[in-house]
Every structure is written in C-alpha cells, then in structure tokens.
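> Handing you this structure, nothing more for now.
In the working numbering, the protein residues as written are 10 to 479.
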C-alpha cells in the first residue's frame, strides 16, 4: 500500500498562528498567563521581519520617552545582555531606531518561548480554518512534513501578517490603501560588510545635498548626526540615484538610497529594494516579487561599488529569507481606529498598546515616501483586535483594524509586539473566564498589562533593565 499523509489532532487553550512580531509576544504572554499555548510558524525561525536585519522602530516617541515596555522591551534587554543590540537611539526622522542582531533575535525568541512553556511548530503552513454555525473559530489545520495536524483551541490569534486565519474565517477585509487598493511596496532586505563609513561621511561633507531629508521636522539630521549616533539610518544620494537611473544602471523604483545600522558595527542593512505592484497575499505574485527582489539586491551592490565612496569593495553578508511585506489585507474590527479618533477619550480609555512611530507611506506606484510627523504617541484600542462577525479569534500585528493612514504608523515591528502581548494576555483571560475574547474586560486587561510592564497612554514610563537610550 502506498504511504499517505499522516493525520494528527491536538488541543490547546490558545493557538497563535505566525511567529513574527505580532505572534511571538502573543504566544509568550498567553503561556505566561497560564494558558496552554502553541505557536505555529511557517518558516524555520521565529522573529519575522526582526530576523531580517531591519532595525526595530517604535520604542521611543518623538520626545525620547519610552513607548514600549513589557515583552517588547524584554526582548531588547536580553539582546543587549548578549551583545545583540546596542540599545535605543533617538532619530529626527524615525523618532527612534533599535538595531538588533537578526540571528540572536531567533535565539532569544526560542528561549523566551521555552521558558514560558510555549509549544512551537516550525515549518508548518496554515491549510484551513474550522468555523462552526455560530461563526466561532474552533480549529485550524496546518501542514508540515507529510503531516496534517488539526489544532483545536479556545482562542486563536492571527499573527500571520497577511491575516490568513482571519481571511479563511470570513472576516470582512479590504486590500491596500483606502479608495485605491494600492499596496505599499515590499522590500528584500540584505546586509553588507567591507565598507568605510568615515570615507562616505567625508563625501557627504563635500556633497551636503546628498543628505536626503530636508524637511523642517528633520532638524539635526546631518552628517554630524550620523557620526555621533551609533544606531542611525541614512537616507539620501538623491542625485547619484538620479544619475544612475539616467545611465540605465539603477532601475529600482526608488529615488533615494537607505542604509541602517545593525547590532554589529561591521554590517549595515540595506533597505532600498522596492518591489511594487504586487499583492503579496497571492503566492504567484509573491514569488515574482522575490525574483524581482533578488535582481534588485545585486543591482544595489553594483550601485554601492560604483557610486558610493567607501563602498567600492562592499560584500553581501546575508539576504533576508523572505520579502519584507508592508501591506496586504486590512480587516474590519469592532473598532476601526482612524486619524479622527487617534486621541479621542474612547480610544485612550480602551488602549492596550501605544504606537510611537510616524506616518510613513511608501508609494506603491512611484519612487517616493510620504512621511508625516506624529508628535505624540497614540493608543491602539482593544476593539481593533476584535474581528467583525467572527468569534474565538483575535487580530494581532499588522492585521488590526485601522484606516490605511493610521496603518502607515502602526505597522512597524515595535507596535506589533506591543499589540501581540495584549492579544495573548486577552486570550488567556478569556480562557480563564470561560468566555469569548471579544467579551474580555478591557479594564482588567489594561491592569494586567501594566503589571507586566507594558506602557499605556498616561502611564509613567518605566526604565528598562539594562537597555541604554542614546
């Protein structure tokens, strides 16, 4: 008889699908609160975009106050202790940047899951979602290595980024930006070594027009800032990019070059690839996007070697294992956070996380970025995690219910981690009470989050343990 797929069935209190910034803290928080928890990850590593080399945004607000605590801060504290992060750095453009080691992120993630008692299923892909006649999610089916596993749970958390669980469960959704369905472009991150930053900065001294951010909000963003700030992001080379485009050697739809400091002073992360006009929730388009990303990586290496003094001998050290996806599906929640309700009493009183990043919209059809300063951090209300029309499920990470402008600020990893912790704790509270996650007492949730070190609107910022702020 010919072998067939193995069939398996397991039961948990909480099942988290997706081990990136939205899912990882959710699983840890749920398990720490006493829920028997499984974390399903489709790749061989936890961390998502945090394991790509990209620095984490959102830890500090524009005034330099800490906006993220709890598990999000604990991850960085552990990385600092291991030499995997130099801490938080203030930035005139991004408010703050927290460089992290992509490989140590993977290790810390596993350690924290093991300590909390989370069961991890690596290399498992979501196949199906079981919804009963009351529109309650009762199970998910996942696949890994010739085995199909049905997972039953009391509460499910969608940390997939694209909202695959919510999509299969039938939660109402839209694609892309409101009114146009245009999606922010994707990026294939990579890291490089063998460069001479002092030589490059000397070039910028002689060519100040190649510091690319000129707006008033970026006062202080100059070459001296780059020199004195260990963790910084450089944006510029507008003229050299334009020259290379005219010569036919720069075909990427981006008008500037970006590098970002990493946890290692011997490596920089390159955030300049731009893959436009794809729906990354479609596997064929995603595959084509990866093809484009790989060709862009080499084009950028050649650009650095020919157009950037100090980068003549630059070498690739790592290419991210997946495209960095900024935007796909947006889901309808019990509350939809909009620009008009950012600072309303209803939002603030129900907030379970803070967002401290600026509105940062990468053009899905052109080559620029629309950046709007957010002077004060805003809260993410619990209702944005509760999907419309479907019970037994919470949204986390970039799947939460917000308008497309708010999304451009709330999509970053730091905010996703704070939302994830809230989702995981809410799921555990629902299991404890024997009720629905949508009926969780938000006052109780906020109190428990604060007791665990989370920072909410109006809270007095707590000092981190061992993480410097520069």
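Cβ atoms here follow ideal geometry from the backbone N, Cα and C, with glycine treated the same way.
Going along the chain, which residues of its own chain have a beta-carbon closer than 6 angstroms to the beta-carbon of residue 60, five neighbours each way excluded?
For residue 60, where only same-chain residues beyond five positions count, the Cβ hits under 6 angstroms are 54, 111, 114 and 115.
> Using DSSP with H/G/I as helix, E/B as strand and the rest coil, what is residue 462?
Residue 462 falls in the coil class under three-state DSSP.
> Which one or two residues does DSSP pair with residue 152 in a beta bridge?
The partner list for residue 152 (beta bridge, DSSP) reads 134 and 157.
> For the alpha helix (DSSP H) containing residue 320, list its first residue and its last residue.
Looking at the DSSP string, residue 320 is not in any alpha helix (DSSP H), and its letter there is neither H nor E.
> Of the choices 274, 107, 296 and 73, whose alpha-carbon is the least far from that of residue 492?
The requested residue 492 is not part of the displayed model; the chain covers only 10 to 479.
> Look at the Cβ atom of residue 406, then the Cβ atom of residue 31, and state whether they are nearer than 8 angstroms.
Contact: yes.
> Alpha carbons only, please: which of 440, 203 and 292 is nearest the one belonging to residue 278?
That would be 203, whose Cα lies nearest to the Cα of residue 278.
> Work out the CA separation of residue 457 and residue 193 for me, nearest whole Å.
Taking the straight line joining both Cα atoms gives about 35 angstroms.
> Where does residue 472 land, buried or exposed, given buried means 16+ other C-beta within 10 angstroms?
For residue 472, the pLDDT reaches just 49, beneath the cut-off of 50, and the residue's location in the model is therefore unreliable, leaving the point undetermined.
> Looking at C-alpha atoms only, which residue of 320, 262 and 33 is the closest neighbour of residue 117?
It is 33.
> For the beta strand (DSSP E) holding residue 390, just list the boundary residues, first then last.
Residue 390 -> beta strand (DSSP E) spans 387-390.
> With a 10 Å radius around its C-beta and 16 neighbouring C-beta atoms as the bar for buried, classify residue 293 as buried or exposed.
Classification of residue 293: exposed, given that the 10 Å Cβ count is below 16.
> Quick check: the Cα distance between residue 93 and residue 109, rounded to an integer number of angstroms?
Those two C-alpha atoms are separated by around 6 angstroms.
> Helix, strand or coil, according to DSSP, for residue 176 in the structure here?
Looking at residue 176 - three-state DSSP - the assignment turns out to be helix.
> How many Å lie between residue 153 and residue 134 at the Cα?
Distance between the alpha carbons of residue 153 and residue 134: 7 angstroms.
> In chain order, what are the residue ranges of uninterrupted alpha helix (DSSP H) at least 4 long that sit wholly in the segment 180-236?
Qualifying alpha helix (DSSP H) stretches, in chain order: 206-215.
> Helix, strand or coil for residue 292, going by three-state DSSP, please let me know.
Looking at residue 292 - three-state DSSP - the assignment turns out to be helix.
> Just the C-alpha distance for residue 1 and residue 390, rounded to the nearest angstrom, thanks.
Coverage of the chain is limited to positions 10 through 479, which leaves residue 1 absent and any answer about it impossible.
> Across which residues does DSSP place residue 117 in a beta bridge pair?
The partner list for residue 117 (beta bridge, DSSP) is empty, contrary to what the question assumes.
> Using beta-carbon positions only, say whether residue 71 and residue 415 come within less than 8 angstroms of one another.
It is not a contact, given that the beta carbons lie outside the stated cut-off.
> Please state if the CB of residue 423 and the CB of residue 67 are separated by a distance shorter than 8 angstroms.
Cβ distance < 8 angstroms, so residue 67 and residue 423 count as in contact.
> To the nearest angstrom, how far is the alpha carbon of residue 463 from that of residue 427?
The alpha-carbon atoms of residue 463 and residue 427 are separated by roughly 8 angstroms.
> Spatial neighbours of residue 222 within its chain, please: CB distance less than 6 angstroms, with the 5 preceding and 5 following residues excluded, ordered by chain position.
Correct list, in chain order: 102, 230 and 244.
> Output the boundary residues of the beta strand (DSSP E) element that contains residue 48.
Unbroken beta strand (DSSP E) run through residue 48: 46-49.
> Skipping 5 residues on each side, what residues in its chain have a beta carbon closer than 7 angstroms to that of residue 21?
Here the set comprises 45, 46, 47, 160 and 162.
> Going by Cα to Cα distance, which pick from 37, 275 and 25 is closest to residue 62?
Nearest of 37, 275 and 25 to residue 62, Cα basis: 275.
> Would you report the Cα separation of residue 399 and residue 354, rounded to the nearest angstrom?
C-alpha separation (whole angstroms): 26 angstroms.
> Just the C-alpha distance for residue 474 and residue 83, rounded to the nearest angstrom, thanks.
With a pLDDT of 49 at residue 474, under the threshold of 50, the modelled position of this residue cannot be trusted, and the question is left open.
> Under 8 angstroms between the Cβ atoms of residue 357 and residue 392?
In this structure, residue 392 does not lie closer than 8 angstroms to residue 357 by Cβ.
> CB residue 432 to CB residue 37, shorter than 8 angstroms?
No, Cβ-Cβ distance for residue 432 and residue 37 is not below 8 angstroms.
> Can you list the beta strand (DSSP E) stretches of 3 or more residues lying completely in the segment 46-87, in chain order?
Entirely contained in the segment 46-87, the beta strand (DSSP E) runs reaching 3 residues are, in chain order, 46-49.
> Would DSSP call residue 365 helix, strand or coil?
Note: residue 365 maps to coil in three-state DSSP.
> For residue 163, name the three-state secondary structure that DSSP assigns.
Looking at residue 163 - three-state DSSP - the assignment turns out to be strand.
> To the nearest angstrom, how far is it from the Cα of residue 476 to the Cα of residue 168?
So the alpha carbons of these two residues sit roughly 27 angstroms apart.
> Where residue 42 and residue 441 are concerned, what is the direct C-alpha to C-alpha distance, given to the nearest angstrom?
In a straight line, the C-alpha of residue 42 is about 9 angstroms away from that of residue 441.
> Measuring CB atoms only, is the segment 252-261 touching the segment 227-242, in the sense that at least three cross pairs come out at less than 8 angstroms?
In short, these stretches do not touch, since the Cβ pair count stays below three.
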